[in-house]
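S.K.: First to last, the sequence lines map onto chains A and B.
So for the first sequence, this note's numbering puts the first residue at 1; every next one is plus one.
So for the second sequence, this note's numbering puts the first residue at 114; every next one is plus one.
No residue lacks a Cβ here, since even glycine has one placed at the ideal position from N, Cα and C.
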Amino acid sequence: EAGVAQSPRYKIIEKRQSVAFWCNPISGHATLYWYQQILGQGPKLLIQFQNNGVVDDSQLPKDRFSAERLKGVDSTLKIQPAKLEDSAVYLCASSLSPRDTAFFGQGTRLTVV
Amino acid sequence: RKEVEQDPGPFNVPEGATVAFNCTYSNSASQSFFWYRQDCRKEPKLLMSVYSSGNEDGRFTAQLNRASQYISLLIRDSKLSDSATYLCVVNKNDYKLSFGAGTTVTVRA
């Protein structure tokens with residue numbers, strides 16, 4: 001069974017530039033999560049989708065971050081403009097439903113210089 | 114108070130030893146609980162779910178104490194390959210996953 005796919009794996013950008021991450025969840029998984037993990041910390045939920053609707057985006061810095069899941073499958077997360085403190089690993093995860101186990105992609109490691 | 118708190122460790126143990134650590138959660142209405150394992154520079158992977166009656170998977174035993182709002186993980190007969198960060202995950206009553214910061218375990222030869 002194919003897992004959660006993310007791209008790119010690594011990205012280095014300058015501050016104030018924009019960047020986008022892509023996630024393809026496991027087929028049939030209705031719930032999709034984007035997490036930010038800063039070195040030495042646990043993953044922090046940025047946004048949770050149920051199909052193409054947003055369930056929780058309370059910790060998403062909406063002045064600079066945006067995410068969409070237009071057809072209820074793939075999702076993109078964008079940062080514009082990036083700040084130094086955005087340097088982190090961005091993890092996408094999916095599950096059949098919010099009650100089920102979440103499976104993670106390999107993440108995108110973002111470095112903002 | 115953080116939703117999920119863990120002792121960051123590190124727990125440094127010799128091969129063959131037993132190591133155990135806890136995780137506390139703040140929301141008494143939390144529905145389900147998991148332990149994930151995260152290797153250095155890798156994504157988190159499910160280690161095991163935690164059931165009310167406690168459960169075992171090989172050398173790993175998980176316990177849930179709802180009264181005191183904590184879960185525990187015990188690793189018996191530690192292997193070098195058990196070296197990792199163990200993340201406590203709580204699914205709140207609104208079905209949103211909250212992660213602890215992780216407990217680092219290092220098993221030495």
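What residues in its chain sit with their C-beta under 6 Å from that of P25(A), if we drop five residues either side in the sequence?
M.R.: Here the set comprises V4, L32 and S94.
S.K.: Considering only their Cβ atoms, is the gap separating G105(A) from Q6(A) smaller than 8 Å?
M.R.: It is a contact, given that the beta carbons lie within the stated cut-off.
S.K.: Got a sec? Which residues, its chain only, sit under 6 Å from T216(B) by beta carbon, not counting five neighbours each side?
M.R.: If we look at T216(B) and ignore the five residues flanking it on each side, its Cβ neighbours are Q119, D120, G122, F134 and Y199.
S.K.: In its own chain, which residues sit with a C-beta less than 7 Å from the C-beta of Q80(A), not counting the 5 before and 5 after it?
M.R.: Closer than 7 Å at Cβ, skipping near neighbours: S18 and R64.
S.K.: From which residue to which residue does the beta strand (DSSP E) around N52(A) run?
M.R.: Here N52(A) belongs to no beta strand (DSSP E), and DSSP marks it neither H nor E.
S.K.: Using a C-beta cutoff of 8 Å, does G213(B) count as contacting chain A?
M.R.: Chain A contact via Cβ: present.
S.K.: Just the C-alpha distance for L177(B) and E14(A), rounded to the nearest angstrom, thanks.
M.R.: Rounded to the nearest angstrom, the two C-alpha atoms are 45 Å apart.
S.K.: Could you give the DSSP three-state label for E128(B): helix, strand or coil?
M.R.: Coil at E128(B), not helix or strand.
S.K.: Got a sec: is the Cβ-Cβ distance from Y138(B) to anything in chain A below 8 Å?
M.R.: False, the Cβ-Cβ gap to chain A never drops below 8 Å.
S.K.: Out of L84(A), Q36(A) and G107(A), which one is the CA nearest neighbour of F212(B)?
M.R.: Taking only the C-alpha atoms, the option nearest F212(B) is Q36(A).
S.K.: I want to see whether chain B comes within less than 8 Å of R99(A), judged by CB atoms only; does it?
M.R.: Closer than 8 Å: yes.
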